[in-house]
Structure formats: structure tokens, C-alpha cells
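Here's the structure, in C-alpha cells; my notes come after.
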Amino acid sequence: MEHVTSEAIVVSDLLSHVSAVERGAVVLFLGTVRRSAEDGPVRGIDYSAYVEMAKGEFGRIVQEAGLRWPEARFAAQHRIGHVPVGEPSIAVAAGAPHRAEAFAACRFVIEEAKKRLPVWKKELLDDGRARWREDRQRDSAPPRSPCS
Amino acid sequence: MEHVTSEAIVVSDLLSHVSAVERGAVVLFLGTVRRSAEDGPVRGIDYSAYVEMAKGEFGRIVQEAGLRWPEARFAAQHRIGHVPVGEPSIAVAAGAPHRAEAFAACRFVIEEAKKRLPVWKKELLDDGRARWREDRQRDSAPPRSPCS
Amino acid sequence: MRLPHYRTTASQSTITIRCRLFGRYADALGVEALDLDLAPDASTRDAVAALRSQLENAELIPERPLVAINQRHALPDARLRDGDELAILPPLAGG
Amino acid sequence: MRLPHYRTTASQSTITIRCRLFGRYADALGVEALDLDLAPDASTRDAVAALRSQLENAELIPERPLVAINQRHALPDARLRDGDELAILPPLAGG
């Protein structure tokens, strides 16, 4: 499964990728394009990425998670291009023998992805305007892998 | 959506129940019937329940979660009857504006469900035998709602 | 459904509770529900003692099992009232 | 694709790096990739300074932007080598 895709995320593919009879717990995280008072009249987001690096970085994140939770298995995808409001832009699934690990492993992957993936978003508004949206600091310190 | 069901759990139903444009984060937990060296040759589990109470208790758990995370929405189901290895016996979904709440709220519901639902399991083994399986203490102290 | 009915006092002033068994308890005792007559000031502990003394295999039920009254978890010494539904719960194993 | 190519030294002994821009930087500068000739001991900071002095609208790029070298996050003073791919990254906003 590609870590970066321009197609709609298929949740069942992620779930079946991490499921197995010896893993009794699966945790899935879906990040969807939000529209709320706080966000304004957003009708979708155009996600762009440094695609080659985003794939590599997501792979490294999953690999690091695999070192921390050796019995866990992961599936992780970021969608790029136009994502309409309400649809998932990112999905992370972790399957593990027990739920504590599944929760921790899934959370680890999404937190690292938020910090480290070279992905940007341009919000598309109802009136046709578009604006870059940055929610993170403009700091020059590179996001550090917690394992390096 | 019924909190206790004798049919297969439909993940997409839970996800759509908690999804909405103002909730940008969804966390899903699936507990599946496990087969591993540690568990032995289990081919399925027969779940039985004090059904009326289990429905009420699961409802109270979700209600308590709603008081803690007022912006979150929940879907929660326990399957009873025969559940083959690999299939989910319990599912909890939490949708919230942001991921920290979605993770915490989903975790809260599954932890409370494990402690409080009057549900029991009889493991069905490859050789046709069946055995009651209890993984919790035999204590007489009732599980306490964290809010009462 | 006709329920087995056990009297534990001769007095007129008794309460009747419905007692329900689940999981391994129902399996071993061969009964899922029965009515119990108890003294008016009886607690769940008295009801459990009555069950343990009257039913075969009831020693499987601990003296202070997990209980629910009227479909809510309850303390092992909770006072019972006429018409209550008392459930004797084996250790919970949901999920 | 033909890339814009900028020389910053007259010396023969230079390194050439490929510079890539993303998101709002690519938007504002109107360029997604260019080659830069730099002194052999150049750091990412020198490369950014060269970009800022040579390209229109490049003041949008901070003096110490987030950078990646050869598709890995890198420190803002990292040393560059001939053939490196240096990416200037706007604040990350994935997820």
C-alpha cells in the first residue's frame, strides 16, 4: 500500500492490512477535512506534497513504530490533491495483540506524521478563493525522529 | 444503533455514525477474537450477556463519555453469540473536532466497557471442546463508573 | 416461563426477588432465573447465602460474587426490596 | 525539464545543487526547481541566502527555513555536497 495516494482512502484496505488472528486489537485513526466556525467556509483542501520524501518519511515513521512495537502491524496513507470536506486526508491503522499497544502505536504514527511529513494544504473556500493554511510553527529546527 | 447485537459488526456503520464535517478526527477501536500461542487452538468464542443490562450499561458509558467530551460523538457495539476467530466482537468509534479528544474518548469507552459490561465468553476449541474464559479478577467490588 | 420458587422464611412478611444467573454459574447450576423469598431486611449477601444453601453446585458462586440489582452494578451488601431483580455475575469478560 | 541555473561564484571549483520549492514558496516565486552553483564549503544557509538575493519574492522564504537534503529533514546549517537535492519547506501542514 502506497503511503501517499491521490485517490480516496479505502478504510477497509487499511483494516485488512493490519488484521490477523494473532492481533486482537486494531486502532484506526482518520483525519478528515473539517468545516466549522473556527475554520471558515472551507469546501475542500488541495493537499500538495514533496511526494518522494513524504513516501520515504512515512515509511521511516512506520519502521520506527515497528521497532517500538515489534508485534504490531501498520497501514498508513496520506491522500493528496483535492480532498472534499468530510473525506479523510490521512489514515493510520495499527493492529497489535492487545489494545494498549494498538492505541499507543497508532497515536505514535499519526503524531510523527503530523510533525514530519512534507505536506501542505491550500484551503478552497465557498466563494472560490483559496488560501495556504499553516498550523505549525515556522521554526527552522527540523522535526526530529524520536529514534535518531 | 444497538449497543448489543447478534449480527456481524459493520465498521462502516460505526464510522458514518460518528463522522461529520465539524469533527476532523475519528478513532476506531476493534477488538477481534484472537488465536495465538498464548490463547491456544481457539476457533471462535461464544459470547453471552445479560443483554438488557449490557445495553443499558454501554449506553451509560457512552453518556458519561459525552459529558467528558461534549463535542464528541460515539458509536459502540458488542457482538454476542458465536464470533469466529479474526472477527470483531467489540467496536468503539469516537469522532471529535481534534485527534487528542478522539483518542482519549475512544479509549475511555473501551476501557469502561471492558470493566463494566456484563458479558462472558466461552472459547470454542479446534477439538470441539468449549471452556469459559475469564480474564478479570473474581472480586466482588462492583466496577465503578468514574463519574458516579 | 415458570420459574423455580424458593421460600427461605415462614413469615408472612417476606419480600420476593427475582434472581438471575449467567455464564458459568447458569451452566453449572442448570438454572437461569428463579424467585427467592427473603426476609424484608435481606441484603444481596443473604440472597447469595440462600442460593448457595439451596441449589446444587452453588458452591461455585463465591460468597461475595459480583452482583447487579435491577440491571445496575451493586455493592455486595446492598439491601434488597420486594420485586428486585438480582443478577449474580461471573467475572466479566466482555470485549 | 530545463531548470533555471544560477551561478554565485566565478571560481571553477564550485558545487551544483538542485533546489526545490514547495507550497506557498513555489507559488510565490513561480518556480519549483532550479540548479544553484555554490562554493564547495557551502551550507544550506548559503544556498538560502543565494535564493533570497537572486529570486523575486524570495523574501517570503525565512533566513532559516525548514530544509531537507536528499529527501531527509536536515539542520539549517548542514553542509551541502555536489549533486545534493535541497528542498526548502514551508511550515508542514500534513494530516
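Residue numbers (numbering that gives the first Met the number 0), protein chains in the order written: chain L, 0 to 147; chain V, 0 to 147; chain C, 0 to 94; chain X, 0 to 94. Glycine residues also receive a C-beta, built at the ideal position from the N, C-alpha and C atoms. Since this is a predicted model, take the numbers as computed values, not measurements.
query: Do V/G43 and V/L116 have their C-beta atoms closer together than 8 Å?
result: Residue numbering aside, residue 43 of chain V sits at position 44 when the second sequence is read from its first letter. Residue numbering aside, residue 116 of chain V sits at position 117 when the second sequence is read from its first letter. Their beta carbons are not under 8 Å apart, which means V/G43 does not touch V/L116 by this criterion.
message: Could you tell me the alpha carbon to alpha carbon distance between C/F21 and L/G80, rounded to whole angstroms?
response: For the purposes of this step, residue 21 of chain C is taken as the residue at position 22 of the third sequence. For the purposes of this step, residue 80 of chain L is taken as the residue at position 81 of the first sequence. When rounded, the distance between both Cα atoms is 54 Å.
query: What's the call for L/L66, buried or exposed, on a 16-neighbour Cβ count within 10 Å?
result: Along the first sequence, one-based indexing puts residue 66 of chain L at 67. With fewer than 16 Cβ atoms within 10 Å of its Cβ, L/L66 is classed as exposed.
task: Verify the CB distance criterion: does V/E21 have a CB-CB separation below 8 Å to chain L?
output: Within the second sequence, numbered from 1, the residue matching residue 21 of chain V stands at position 22. Cβ-Cβ to chain L under 8 Å: yes for V/E21.
- prompt: alpha helix (DSSP H) containing L/R67: first to last residue?
  reply: Taking the first residue of the first sequence as position 1, residue 67 of chain L is located at position 68. That run of the alpha helix (DSSP H) goes V50 to R67.
message: Determine, for V/F73, whether the minimum Cβ-Cβ distance to residues of chain L falls below 8 Å.
response: Reading the second sequence from its first residue, position 74 is the one you call residue 73 of chain V. By this cut-off, V/F73 is not an interface position.
- request: Assign X/H4 to buried or exposed, taking buried as 16 or more other Cβ atoms, counted over all protein chains shown, within 10 Å of its Cβ.
  value: Position 5 of the fourth sequence, counted from the start, is the residue given in the question as residue 4 of chain X. Result: exposed.
- request: Look at the alpha carbon of V/S88 and the alpha carbon of L/A99, and state the distance between them as a whole number of angstroms.
  value: Sequence index remark: in the second sequence, residue 88 of chain V carries index 89 (1-based). Sequence index remark: in the first sequence, residue 99 of chain L carries index 100 (1-based). Using only the alpha carbons, I get a separation of about 17 Å.
message: Strictly under 8 Å for the Cβ-Cβ distance: is V/I109 near chain L by that measure?
response: Sequence index remark: in the second sequence, residue 109 of chain V carries index 110 (1-based). Taking Cβ atoms only, chain L reaches closer than 8 Å to V/I109, which makes this a yes.
Minimum C-alpha distance to X/E62 - residue among X/R17, X/L91, X/S42 and X/I68: For the purposes of this step, residue 62 of chain X is taken as residue 63 along the fourth sequence, with counting starting at 1. That would be X/S42, whose Cα lies nearest to the Cα of X/E62.
task: Quick one: using the 10 Å Cβ neighbour count with 16 as the cut-off for buried, is L/E111 buried or exposed?
output: Position 112 of the first sequence, counting from 1, holds the residue named residue 111 of chain L. Buried.
field: Three-state secondary structure (DSSP) of C/I68
entry: One-based indexing of the third sequence puts residue 68 of chain C at position 69. In the structure shown, C/I68 sits in a strand (DSSP, three-state: E or B).
message: Quick check on the DSSP output: the alpha helix (DSSP H) that includes L/I109 runs from which residue to which?
response: Your numbering for residue 109 of chain L matches position 110 in the first sequence. Start and end: R98 to R115.
query: Mind checking V/E37: buried by the 16 CB within 10 Å criterion, or exposed?
result: Locating residue 37 of chain V in the second sequence gives position 38, where the first residue counts as 1. Exposed, by the Cβ-count rule.
- request: Report the partner residues of V/V26 according to the DSSP bridge assignment.
  value: For the purposes of this step, residue 26 of chain V is taken as the residue at position 27 of the second sequence. For V/V26, which the question treats as bridged, DSSP gives the partners L/F28 and V/A93.
Residue environment, L/S58, which counts as buried when at least 16 other CB atoms sit within 10 Å: Start at 1 with the first residue of the first sequence, and residue 58 of chain L comes out as number 59. What sits at residue 58 of chain L in the sequence shown is Gly, not Ser. Under this definition L/G58 is an exposed residue.
task: Specify, as a first and last residue, the run of the beta strand (DSSP E) that L/L123 falls within.
output: Here residue 123 of chain L refers to the residue found at position 124 when the first sequence is read from its first residue. Start and end: V118 to L124.
For L/T4: DSSP bridge partner residues: Position 5 of the first sequence, counted from the first residue, corresponds to residue 4 of chain L. DSSP output for L/T4 lists L/R78 as bridge partner(s).
field: Exposed unless 16 or more other CB atoms sit within 10 angstroms - verdict on X/D83
entry: Along the fourth sequence, one-based indexing puts residue 83 of chain X at 84. With 16 or more Cβ atoms within 10 Å of its Cβ, X/D83 is classed as buried.
- prompt: Whose C-beta lies closer than 7 Å to the C-beta of L/A95 among residues of the same chain, with five residues either side of it excluded?
  reply: Against the first sequence, residue 95 of chain L aligns to sequence position 96. Within the same chain, L/A95 has close Cβ partners R22, A24, W68, E70, A71, A101 and A104.
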